[in-house]
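Take a look at the structure set out below.
Number of protein chains: 4
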Amino acid sequence: MAGNTIGKLFTVTTFGESHGLALGCIVDGCPPKLDLCEVDIQIDLDRRRPGTSRHTTQRRELDEVKILSGVFEGKTTGTPIGLMVENTDQRSRDYEKIKDLIRPGHADYTYWHKYGIRDYRGGGRSSARETVMRVAAGAIAKKYLANQHNIQIRGYLAQLGPIKAEKISWEVIEQNSFFFPDSEKISQLEAYMDSLRKEGNSIGARINIVATGVPSGLGEPIFDRLDADLAHGLMSINAVKGVEIGSGFDVVTQKGTEHRDPITPNGFLSNHAGGILGGISTGQDIIASIALKPTSSLRLPEQSINTHNEPVEVATTGRHDPCVGIRATPIAEAMVAIILMDHLLRHRGQNSTKVLG
Amino acid sequence: MAGNTIGKLFTVTTFGESHGLALGCIVDGCPPKLDLCEVDIQIDLDRRRPGTSRHTTQRRELDEVKILSGVFEGKTTGTPIGLMVENTDQRSRDYEKIKDLIRPGHADYTYWHKYGIRDYRGGGRSSARETVMRVAAGAIAKKYLANQHNIQIRGYLAQLGPIKAEKISWEVIEQNSFFFPDSEKISQLEAYMDSLRKEGNSIGARINIVATGVPSGLGEPIFDRLDADLAHGLMSINAVKGVEIGSGFDVVTQKGTEHRDPITPNGFLSNHAGGILGGISTGQDIIASIALKPTSSLRLPEQSINTHNEPVEVATTGRHDPCVGIRATPIAEAMVAIILMDHLLRHRGQNSTKVLG
Amino acid sequence: MAGNTIGKLFTVTTFGESHGLALGCIVDGCPPKLDLCEVDIQIDLDRRRPGTSRHTTQRRELDEVKILSGVFEGKTTGTPIGLMVENTDQRSRDYEKIKDLIRPGHADYTYWHKYGIRDYRGGGRSSARETVMRVAAGAIAKKYLANQHNIQIRGYLAQLGPIKAEKISWEVIEQNSFFFPDSEKISQLEAYMDSLRKEGNSIGARINIVATGVPSGLGEPIFDRLDADLAHGLMSINAVKGVEIGSGFDVVTQKGTEHRDPITPNGFLSNHAGGILGGISTGQDIIASIALKPTSSLRLPEQSINTHNEPVEVATTGRHDPCVGIRATPIAEAMVAIILMDHLLRHRGQNSTKVLG
Amino acid sequence: MAGNTIGKLFTVTTFGESHGLALGCIVDGCPPKLDLCEVDIQIDLDRRRPGTSRHTTQRRELDEVKILSGVFEGKTTGTPIGLMVENTDQRSRDYEKIKDLIRPGHADYTYWHKYGIRDYRGGGRSSARETVMRVAAGAIAKKYLANQHNIQIRGYLAQLGPIKAEKISWEVIEQNSFFFPDSEKISQLEAYMDSLRKEGNSIGARINIVATGVPSGLGEPIFDRLDADLAHGLMSINAVKGVEIGSGFDVVTQKGTEHRDPITPNGFLSNHAGGILGGISTGQDIIASIALKPTSSLRLPEQSINTHNEPVEVATTGRHDPCVGIRATPIAEAMVAIILMDHLLRHRGQNSTKVLG
């Protein structure tokens, strides 16, 4: 219980259901005197927002964020920052008819068993819509990390079904609605998405995240390692089924001589470690990768049950992403930003010798 | 900081360095009246213990655990359980000569940068020896879960370098020092390990963990999902670079129709989800998989630096596992047990209606 | 940092400044299927609301609470409950002129030193207005405790300056705006308040809280004792300078034979312990008492400094309570309810043997 | 549950029963490179140790502390510090005969109801012996605060039953076994204690704690205020029934003009606030006061029940303090040190701008 908070010094606590009045969060522990306004947050919310291309759900939300507290005359005050986004485009009618259905591949089954009651409208709390607040909170962390420490956190769609990015261009990424880095394969990607939509099916994806400028020393062994906390934050994103740091699962077939990164007085010669050794950042780029499962909400029917445990066939109409991976890049960036921010503050606490006040 | 505790209701806090006086932990939140004695814990410590075959480090520790508190007349009292294992076979001399060296692929570099001081003997706190206490604490969780809820947590070596298990036999697993489930490939495995040792090299591995009998309803959305907490616990194990739940990274190329598990009044027809939907257990087997990197401590030299940032060549003598994966199975089981135990208690807190006392 | 959350299983996180857009909180960990609507919360907000008598600040807020999430079709769902109260009657102009002043006896000095920036409007985050959200969250805990366990939490004004209550009548308490239990002294109280107001001065107060129906067994030694957590929650209320459990400071002159409560097969014969032994509830009434300092915002001038460390004289106009104690009763009740709720759930987690789901 | 940890960044987790094998704790989050050896801790353990005068329990323990980890070559390494004190003088036989008795005024009743099982030897976990580890952990915090920030934490016995200290001399305090500051009244105190012992009775006490050199800015509103956390830490000490900060309960009859502390460019002119405003330290001395109840273990019999709920008369033989307050001074100092240390690190985390590593 009480599982809706992440972080120890920089904490983010979220609330809100897909079709409730609003989504919100409290960002606690943000240092004072950071310039902050709605626009800083809106930029990332807009990157995540649905309805921006024909390849994502047609639900149209403005997702306009309001800062309710913690900012005074354009600067953070060190007190908790309250954020809110109102839900404006809920078509709850769409869900009336699946009121009693347990949608396969969804949280319907488990929420029903855990709580004995559920808000069935759009998945309620389990909807990907919940990630709006992760992105909002992450935007604050991102800004602080960039301004105060020149840390950049960026991600991209590395693979969508059979289509793998080969060239990585950061320019390309922000120029297409997939956050895909390989310009030569974008037309292929769009064709694949169109065929999927015709088929009424969905597909999984892989997202890579790279954090540059991270100082060495972040991460708290033994349990609160930086990699362990990143795994926690990233696996907590809806639909994520796998997390890798650095070489990830490739290490299974690597030999020690291949994997270990040589060090010279000028730095490391490779980065199989993904920027983390012994759970602490090395100062190299932090590299993480996640796998997102395909959406289970499909036109194509599947066997399931209803809340009376009777067999039914479920086919989902309504508005859904054929690939949740497409919009997951800003969400994954946000989680990495939140974790890094928390560890930056934690590291300072133990290791800084300066006391203000 | 203060990163040496895991869990919220069932918490485990550990201390100890590879070559210090002792390793210990405090298990807090264990329910009262569980039958518990040293033997219950020793069984798992012995499964993890080094020096049991020629394929693991020849360091010989008895790893005898002492229960210092929390148990009275053979039963837990509900108060914190203090556990201790004394270090008996420290050959600190082995390490004198690498005092100033930063071993590539190790935590030497990051501990040095983070703390500005380090216990260089056997990696100090960053040594895999620290996992002794995870196994000890996990044994308590395992016993409670088995006795009270008939939950079983078992793991095996699924792959070691190029050698993949094809047949999974739970009998075979406990009959070989690799925890390998495929009897037909064990001789192949031993030959491979011998050649590795001759070569002076090491290799990575994959461990699979299966938890059976887990009730549906465990896990706390949004951030403290069961899968997110499992990812945290498993990624916190030394050398782990990747974590998967259910289909894991295979989902990248799966379509929605393949991935989603059909449900019938008698249960699920498949388990791509790995027993978790929306961060909450479904009641199916929980399936997790981890990737462990190859040991970096090798006879074969590698470029590195010393603490004065001068270039050096590092070759490690001393006693090391050519594959840390071999002994990681009980450690991974322990982490899964600790996480499940914590979530079982958390779930009760919010959802049980019974108040004792 | 990140100090705006209380509780471990039933957690309350608040945000909001006196003159910001809104105050809000997230109540996480409330069990599912509790009947809940705005009215349940509004009742307590109205008990605390200013402007209800000439003896409290004339600031007039409706303090209308909105439930933004966590409740579906009139029942809690087990997901976080988002609450919000908009600020409607901020007269920020009142504060423009004290922009640079450090008001003696206020948090101005410490916020300024800690954060180097502050929202000077009405004390910003340090305003007693922040307690609105404590009361709102406490109302949810109160309702659960009452409905599920028949636990009642009630408080009263035990002393205001020289005027001590001698007769305690629960009926009387809710019939006067002081929450004073002794009808014979109310006119005396009103006369005293009027003279204070003429004088332009303020006065301290003592509030007593009594919780009945609390089962034995709540509280987690050693550090998270029920009495320790009550002390934490009560001391966290603005202006509180002292907390007592049971006999409180009278124990200094009590002998063991006087203090210890005799036990019979039918229960305890006295309650000097205040319902708590060894940090765990005994099943008797839990009795706590707090001391609230007099408001420092007075017409009468006092030496102080401004933010340039120049000497100034500060006299506060604007709308203030001559005795914060008057409205503190519902706030103290709320804190006790939140702490008891948290411990009820924690106790269940460790001691219940039932697993739902 | 899991209530045996205190602190967020500087955390102390303890274990151990009065008559178990050992008491221990893990101090996590101590900054690296602090000079530390057993003697630093032993000094305070000796100040607390029983059997040092005829006025305290005659139980004779050496209470020799062992540092098991976290210190290397005389300096802390930043990793968890494991501490242990073995129990050497347990006379468990003394307790056999009260095996089934519920001692009035003790935790016997509540542990029995909470856990359904208890270690009856010397109160088990609920024994004041548990405070040994608080003192040990506090000694580490004290040393860091003194060396790095010149913060001093000292306490004294302010009142024992009817005998109040009038003159406060820090020299006198360490020269008598009562930690009493008024030399003129010590003979009176000894006479009173002797008469109490003859009578077979016990008495309560008041301890005052003063922390000097505390920088302004420590404390995290709203819930984790410095005063609230001090109240938590102090109320968690066995036998404490009341906590005051600054003027404490005297504020009930104070007027605003009396209570608020005037400020000048050179500092405050008084300290009714006890060094804390709005939950944050002002830079003045922090002043706290606690009330400790009289021991309930008396030769004089009292009505009670046994574990079969049958009426019995309980008279305690064995070795007990007629006034627990006498030895409580070092314990209260330790708790204040632990809380200040935690808040110092937390404050740095949010407000320091320096990142090491």
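Residue numbers (the numbering used here), protein chains in the order written: chain U, 1 to 357; chain V, 358 to 714; chain L, 715 to 1071; chain R, 1072 to 1428. Beta carbons: idealized from backbone N, C-alpha and C, even for Gly.
Within the same chain, Cβ atoms closer than 6 Å to the Cβ of A945/L are found at V957, the five residues on either side in sequence being excluded. Closest by C-alpha distance to G992/L, out of K1364/R, I1280/R, S1360/R, L1415/R, is K1364/R. In this structure, the CA atom of A332/U is about 40 Å from the CA atom of V529/V. Taking each of K857/L, G931/L, G738/L in turn and checking the Cα distance to G1063/L, the smallest one comes out for G931/L.
Considering only beta carbons, no part of the segment 1308 to 1327 of chain R lies closer than 8 Å to chain V.
In the three-state reduction of the DSSP assignment, T1387/R falls in the coil class, being assigned neither a helical nor a strand state. With the criterion set as a beta carbon lying under 7 Å from some beta carbon of chain R, the members of the segment 855 to 889 of chain L are Q873, G875, P876, in sequence order. Judged by their CB atoms, T971/L and F982/L are not nearer to each other than the 8 Å cut-off. I1361/R: member of the beta strand (DSSP E) spanning 1357 to 1363, first to last residue. One finds P622 in chain V with Cβ atoms closer than 9 Å to the Cβ of E310/U, taken in chain order.
At a beta-carbon threshold of 7 Å, the residues of chain V lying near P745/L are Q707, N708, ordered along the chain. A direct Cα-Cα distance of roughly 42 Å separates E1201/R from A648/V.
Residue-level contact check: G1194/R does not touch chain U, since none of the beta carbons of chain U fall below 8 Å from its beta carbon.
Taking a C-beta distance under 8 Å as the contact criterion, R491/V and V567/V do not qualify as a contact pair.
Within chain R, no C-beta atom comes nearer than 7 Å to that of G590/V; the closest sits roughly 16 Å away. Residues of the same chain with a CB within less than 7 Å of the CB of D63/U, apart from the 5 flanking positions on each side, are L45, R49, V85, V132 in chain order. Of all C-beta pairs linking the segment 1138 to 1156 of chain R to the segment 391 to 399 of chain V, fewer than three are shorter than 8 Å, placing the two stretches out of contact. For the segment 559 to 583 of chain V, the residues whose beta carbon sits under 8 Å from a beta carbon of chain L are, in order, P572, S573, G574, L575, P578. Here G431/V is exposed, its C-beta having fewer than 16 other C-beta atoms within 10 Å. Going by DSSP, E1315/R is part of the beta strand (DSSP E) stretching over 1311 to 1316. If the five residues before and after L1267/R are omitted, its C-beta is found closer than 7 Å to the C-beta atoms of S1273, I1274, P1393, all from its own chain and listed in chain order. The continuous stretches of alpha helix (DSSP H) do not include N208/U, which lies in the beta strand (DSSP E) extending over residues 205 to 212. Just so you know, the alpha carbons of N1309/R and S1367/R end up roughly 12 Å apart. Within the same chain, and ignoring the five residues on either side of H616/V in sequence, the residues whose Cβ sits closer than 7 Å to its Cβ are S604, V608, H629. Nearest to K471/V by C-alpha distance, out of A1405/R, G1100/R, L1369/R, is G1100/R.
H1414/R and E1291/R have their C-alpha atoms roughly 8 Å apart. At the C-beta level, G1195/R and S1089/R come within 8 Å of one another.
At the C-beta level, V65/U and A136/U come within 8 Å of one another. Restricting attention to K722/L, G717/L, K881/L, L723/L, the CA atom closest to the CA of F729/L is found in G717/L.
Contact check for I459/V against T621/V fails: the beta carbons are separated by 8 Å or more. Annotation for E333/U: the continuous alpha helix (DSSP H) segment containing it runs 325 to 351. L34/U is positioned such that its CB atom lies closer than 8 Å to that of N147/U.
Residue range 22 to 28 is occupied by the beta strand (DSSP E) that includes D28/U, with no alpha helix (DSSP H) assigned at that position.
The alpha carbon of Q1355/R has as its nearest neighbour, out of S1375/R, D1332/R, M1306/R, the alpha carbon of D1332/R. If you compare the alpha carbons of N1065/L, Y823/L, R920/L with that of P895/L, the shortest gap goes to R920/L. By DSSP's assignment, V886/L forms no beta bridge with any residue.
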